[in-house]
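The next block holds one structure in the form of structure tokens; read it before the comments.
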Amino acid sequence: MITDEEQKRYARQILLSGEEGQERLKAASVLVAGAGGLGTVISLYLAAAGVGRLRIIDCDIVESSNLNRQILHWSRDVGRPKTASVKEKLAALNPLIRIEAEQSRITEENMGALAQGCNLIVDAMDNFPTRYLLNRTAVDRGIPFIHGAVRGFFGQTTTVIPGKGPCLRCLFPVSPPPEVFPIVGATCGVIGSIEAAEAIKLLTGQGEPLMGRIFIWDGLAGNADSIIVERNPACPDCGNLP
Amino acid sequence: MKVTFRTFATFREVTGAGEIEMILPPGEKIRGLLEELCNAHPGLRERLFDAAGQIKPHILILKNGRSVASLQPLDTVIDEGDVIAVFPPVAGG
Chain G
1 MITDEEQKRY ARQILLSGEE GQERLKAASV LVAGAGGLGT VISLYLAAAG VGRLRIIDCD
61 IVESSNLNRQ ILHWSRDVGR PKTASVKEKL AALNPLIRIE AEQSRITEEN MGALAQGCNL
121 IVDAMDNFPT RYLLNRTAVD RGIPFIHGAV RGFFGQTTTV IPGKGPCLRC LFPVSPPPEV
181 FPIVGATCGV IGSIEAAEAI KLLTGQGEPL MGRIFIWDGL AGNADSIIVE RNPACPDCGN
241 LP
Chain C
243 MKVTFRTFAT FREVTGAGEI EMILPPGEKI RGLLEELCNA HPGLRERLFD AAGQIKPHIL
303 ILKNGRSVAS LQPLDTVIDE GDVIAVFPPV AGG
């Protein structure tokens with residue numbers, strides 16, 4: 001049930017997806033894995049949109065080198081846990097939602113508990129080993145997983161709907177080599193915003209998800225492309241699904 | 243035969259264009275296509291191949307949208323009208 005206060009706050013969204021759509025957002029629980037460049041953008045837009053419960057996981061402390069892109073962490077936050085910093089800002093933005101910010105590293109051992117009760121998982125990580133863990137958890141639970149990654153002016157995103165389209169492991173069977181990646185904040189803004197929009201679409205049942213497609217952003221050329229991709233029948237993560 | 247080569251991100255910086263039309267002999271394999279591109283675009287070889295001359299394992303090679311990574315990517319035969327795409331995924335967050 002949408003309250004009068006929510007009617008006012010979300011009026012422009014209700015024009016798009018009706019009260020029913022807003023109720024779906026309110027009833028949703030979303031796991032945002034990471035509170036860095038992508039995670040601050042994703043969680044900001046999902047909180048503003050009125051996702052009822054946001055669970056944000058990150059193990060890091062804010063450093064000054066984060067401030068060019070991690071838009072919910074400000075100069076005064078250097079030295080604080082990223083989860084404390086995002087929780088404070090998101091609660092100020094939208095006191096009508098529940099924000100669970102947990103400072104921990106995502107591991108095989110805690111992944112199940114972290115995803116418990118969540119309707120979808122949004123990728124805001126900076127490494128593929130953890131992304132594979134998120135992907136497999138989503139596949140095992142049959143919930144969507146929205147992937148995004150960035151480097152420099154480039155980024156990619158795709159939406160995994162287990163059993164219906166390719167999973168992350170189908171698309172990227174081998175992890176790119178780890179590196180200290182160069183990045184401008186605006187790239188995180190582009191890819192994080194697309195991930196947030198994908199989440200809102202899925203939760204409200206609108207539009208066509210980026211399933212079976214990799215969206216590729218080339219900020220240097222000012223171009224966006226998408227490539228059509230298929231499931232890998234031999235995929236170790238989702239090949240057993242019908 | 244006429245084929246289309248597509249590339250993205252840092253590879254596009256080297257090739258200068260995201261989409262290149264190429265004329266190749268019938269029966270050509272992806273190895274031959276990439277060899278021709280590497281000869282034409284200095285800097286592409288080191289981005290595509292490791293020191294042993296193998297394609298770097300994280301790079302996606304797609305033939306008409308289907309990944310050929312799990313097969314023998316370089317030995318995949320190209321057909322008339324194919325679109326061959328090479329995509330280096332990024333990993334940051």
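Chains as they are written, first to last, in our numbering: chain G, 1 to 242; chain C, 243 to 335.
Built from N, CA and C at the ideal position, the CB exists for glycine as well.
Which residues DSSP lists as bridging residue i, in chain order
i, result
"F181 of chain G", "DSSP lists no partner for F181 of chain G."
"Q103 of chain G", "G:D58"
"M264 of chain C", "C:V245"
"H73 of chain G", "DSSP output for H73 of chain G lists no bridge partner at all."
"H147 of chain G", "G:T158"
"A327 of chain C", "C:R248 and C:L304"
"K271 of chain C", "C:V319"
"R98 of chain G", "G:R53"
"N223 of chain G", "G:D218"
"L31 of chain G", "G:R55 and G:I121"
"R213 of chain G", "G:I228"
"F291 of chain C", "C:I297"
"S309 of chain C", "C:L304"
"G152 of chain G", "G:I183"
"P81 of chain G", "G:I61"
"G334 of chain C", "G:V150"
CB contact flag (residue i, residue j, <9 Å)
i, j, result
"C167 of chain G", "V174 of chain G", "no"
"R12 of chain G", "G205 of chain G", "no"
"I216 of chain G", "A224 of chain G", "yes"
"E195 of chain G", "I146 of chain G", "yes"
"G334 of chain C", "G185 of chain G", "no"
"N68 of chain G", "I183 of chain G", "yes"
"T158 of chain G", "M211 of chain G", "yes"
"D123 of chain G", "G207 of chain G", "no"
"L279 of chain C", "I262 of chain C", "yes"
"G269 of chain C", "V319 of chain C", "yes"
"S309 of chain C", "V62 of chain G", "no"
"V325 of chain C", "H283 of chain C", "no"
"G163 of chain G", "C188 of chain G", "no"
"L44 of chain G", "L72 of chain G", "yes"
"L114 of chain G", "E6 of chain G", "no"
"V245 of chain C", "G323 of chain C", "yes"
"A199 of chain G", "L90 of chain G", "no"
"V78 of chain G", "S64 of chain G", "yes"
"I227 of chain G", "L304 of chain C", "yes"
"A84 of chain G", "Q70 of chain G", "no"
"D321 of chain C", "M264 of chain C", "no"
Residue i versus the options, residue with shortest Cα-Cα distance
i, options, result
"R80 of chain G", "G:D60, G:R98, G:P209 and G:I97", "G:D60"
"I143 of chain G", "G:D4, G:G117 and G:P178", "G:G117"
"V332 of chain C", "C:T252, C:R248 and C:T246", "C:T252"
"L203 of chain G", "G:R9, G:V41, G:Y10 and G:A49", "G:A49"
"K82 of chain G", "G:L134, G:G39, G:Q22 and G:E208", "G:G39"
"F153 of chain G", "G:A35, G:A221, G:L16 and G:P242", "G:A221"
"R231 of chain G", "G:T107, G:L171, G:K201 and G:L46", "G:L171"
"F298 of chain C", "C:P267, C:P315 and C:H283", "For the sequence presented, residue 298 of chain C should be read as Lys rather than Phe. Ranking C:P267, C:P315 and C:H283 by Cα distance to K298 of chain C puts C:P315 first."
"V94 of chain G", "G:A234, G:Y10 and G:I227", "Note that residue 94 of chain G is Asn in the sequence shown here, rather than Val. With distances taken between Cα atoms, N94 of chain G lies closest to G:Y10."
"P330 of chain C", "C:K244, C:R248 and C:M243", "C:R248"
"E18 of chain G", "G:K201, G:I227 and G:A234", "What sits at residue 18 of chain G in the sequence shown is Gly, not Glu. Residue G:K201 is the option with its Cα nearest to G18 of chain G."
"G258 of chain C", "C:G285, C:I301 and C:P267", "C:G285"
"L134 of chain G", "G:E100, G:E102 and G:R169", "G:R169"
"V150 of chain G", "G:N119, G:S193 and G:I121", "G:S193"
"G165 of chain G", "G:A101, G:I121 and G:P233", "G:P233"
"K87 of chain G", "G:E100, G:C235 and G:I121", "G:E100"
"F181 of chain G", "G:W74, G:N66 and G:S85", "G:N66"
"L241 of chain G", "G:R136, G:R98 and G:A197", "G:R136"
Any non-hydrogen atom of the ligand SAM closer than 8 Å to residue i Cβ
i, result
"N119 of chain G", "For the structure depicted, the ligand SAM is absent and the ligand set is empty, with no information on it obtainable."
Distance between beta carbons of residue j and residue i, contact taken as under 8 Å
i, j, result
"R273 of chain C", "D317 of chain C", "7 Å"
"V139 of chain G", "D237 of chain G", "5 Å"
"Q22 of chain G", "I42 of chain G", "With 8 Å as the limit, Q22 of chain G and I42 of chain G do not qualify as a contact, their Cβ atoms being about 19 Å apart."
"P209 of chain G", "H300 of chain C", "Contact doesn't hold; Cβ gap of about 25 Å is too wide."
> Does the count of Cβ pairs from the stretch 25-35 of chain G and the stretch 54-69 of chain G closer than 8 Å reach three?
Replying inline: yes
> Are the stretch 252-268 of chain C and the stretch 278-296 of chain C touching, with three or more C-beta to C-beta distances below 8 Å?
Replying inline: yes
> Between the stretch 93-111 of chain G and the stretch 123-139 of chain G, are three or more C-beta pairs nearer than 8 Å?
Replying inline: yes
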